[in-house]
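The next block holds one structure in the form of C-alpha cells; read it before the comments.
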Amino acid sequence: MARLAVFNQKGGVGKTTTTLNLAALLAKRGADPLVIDLDPQAHLTGISGAVVAAPERSLYGFYCNGASLAGLIKLARSGWKIIPSHLDLSRVDTQFGKGPNILNQLRAGIIKENLNTDRPILMDACPMLGVLSLNSIFAADRVLVPISADYLAIRGASQMERTLRALEHVLKTRVERRYVITRFDSRRKMSWQIEQQLREQYGAEVCETRIAENVSLAESPASKCDVFEHAPGSRGARDYAALLDELETSGFLR
Ligand SMILES: Nc1ncnc2c1ncn2[C@@H]1O[C@H](COP(=O)(O)OP(=O)(O)OP(=O)(O)O)[C@@H](O)[C@H]1O
Ligand SMILES: [Mg+2]
Numbered sequence: 011m012a013r014l015a016v017f018n019q020k021g022g023v024g025k026t027t028t029t030l031n032l033a034a035l036l037a038k039r040g041a042d043p044l045v046i047d048l049d050p051q052a053h054l055t056g057i058s059g060a061v062v063a064a065p066e067r068s069l070y071g072f073y074c075n076g077a078s079l080a081g082l083i084k085l086a087r088s089g090w091k092i093i094p095s096h097l098d099l100s101r102v103d104t105q106f107g108k109g110p111n112i113l114n115q116l117r118a119g120i121i122k123e124n125l126n127t128d129r130p131i132l133m134d135a136c137p138m139l140g141v142l143s144l145n146s147i148f149a150a151d152r153v154l155v156p157i158s159a160d161y162l163a164i165r166g167a168s169q170m171e172r173t174l175r176a177l178e179h180v181l182k183t184r185v186e187r188r189y190v191i192t193r194f195d196s197r198r199k200m201s202w203q204i205e206q207q208l209r210e211q212y213g214a215e216v217c218e219t220r221i222a223e224n225v226s227l228a229e230s231p232a233s234k235c236d237v238f239e240h241a242p243g244s245r246g247a248r249d250y251a252a253l254l255d256e257l258e259t260s261g262f263l264r
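Numbered according to the numbering used here, the sequence shown spans residues 11 to 264.
Right, dumping it as C-alpha cells:
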C-alpha cells in the first residue's frame, strides 16, 4: 500500500497536523495505518501518547542499534500505530554522512520487514533537508507537501519543487506529489492570491481541498488527540475528511 512522506522544508506549515489527522481517520476507517515520526522534535510521538522509555526504543534504535522497525511499533491512544521519535534522533543527521546506504536505510527496513504490504505508511518529516527527511522521501512512493497560506508560502513551494527535482535526478524516477494548502483564511486576500499562484504553477498537483485555519486543529494536540476525537463537527474535521477522500478517490493514497 501507499508509503506517504509528508514533507516541506519550511517549518510550521502543518506537516504534523496533516499526518496526525490523515492517520487518525484512516484508522477510524479500518486501514491500520503506521505512522513513522522522523522529527526529533517528536511532536507527533507526544500527541500519540506513546511512552518511549529510552532513545533506543524510538526510531533512533533502528538507525543506531540495528533494532527492527516492527519491534519499535507502539499503539497510539486512539488506535493507530506509530514508530516514535526521540530528541536523540537528531544525532542521526550528524553521525552519518549522506551516502546511498544511509539514505536508503528506512526504505530497505520497511521492505525487508514487509511493513506495508497491507497497511499504508505515513511519515512525518522534520523541517530540514537532512538525512532523516531524505530517508522519508527515499522510503516514500509519494510525497504530500503542505503549504500554509502565508506570505512565505510561495518561496517555500519553489524551494520544495527544486528539492524534489534534484532528488528525482538521484532516484531516476518522478516523485509523485500533491500540494495541499493549509491554514487557509477566506477573509484574507493573501490566502486567495497564494491559492491562485499555486494552481497556476503546479496545476493538478495542488489538491482541490484546502485546509482552513481552524481553532480545533490548533487546540486538539494540547489534549493529545486528533481533530476527529476533539471536535468531530468542526471545520478542521470536515476539511481533513475531504482531503482523505480526495487523496483516495484520485488514487494518490491507496
Ligand atoms: N489548519 C490549521 N489551523 C490552525 N492551526 C493550525 C492548522 N494547521 C496547523 N496548525 C497549528 O500550527 C502549528 C504548526 O503546525 P504543525 O506542527 O502541524 O506544523 P509542522 O509543519 O509539522 O511544523 P514543524 O516544521 O515544526 O514540524 C501547530 O501549533 C498547529 O497546531
Ligand atoms: Mg511537525
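We treat Cβ as the ideally placed atom computed from N, Cα and C, and that holds for glycine.
- The beta carbon of Asp236 is closer than 7 Å to those of Leu30, Asn31, Ala34, Ser88 and Ser230 in its chain, skipping five residues each way along the sequence.
- For Met170, the enclosing alpha helix (DSSP H) has its first and last residue at Ala163 to Leu181.
- Beta-bridge partners assigned by DSSP to Val16: Asp134 and Leu154.
- CA-CA distance, Arg39 to Thr219, rounds to 20 Å.
- Arg129 sits close to Pro43, with the two beta carbons spaced by under 8 Å.
- Beta-bridge partners of Glu186 (DSSP): Arg152.
- Of all C-beta pairs linking the segment 170–180 to the segment 190–208, fewer than three are shorter than 8 Å, placing the two stretches out of contact.
- Beta-bridge partners of Thr192 (DSSP): Ser158.
- A straight-line Cα-Cα distance of about 17 Å links Val153 and Asp255.
- In terms of side-chain proximity, the C-beta atom of His53 is found nearer than 7 Å to a non-hydrogen atom of ligand 2.
- Ranked by Cα distance from Ala159, the options Gly24, Leu82 and Val102 are led by Gly24.
- Boundaries of the beta strand (DSSP E) harbouring Val216: Val216 to Ala222, taken from the DSSP string.
- At the C-beta level, Arg13 and Asn126 come within 8 Å of one another.
- Setting aside the 5 residues that flank it on each side, Arg117 is surrounded in the same chain by Phe148 and Ala149, each with a C-beta closer than 6 Å to its C-beta; the list follows chain order.
- For Leu227, DSSP records no beta bridge to any residue.
- The Cβ atoms of Asp47 and Pro94 sit closer than 8 Å to each other.
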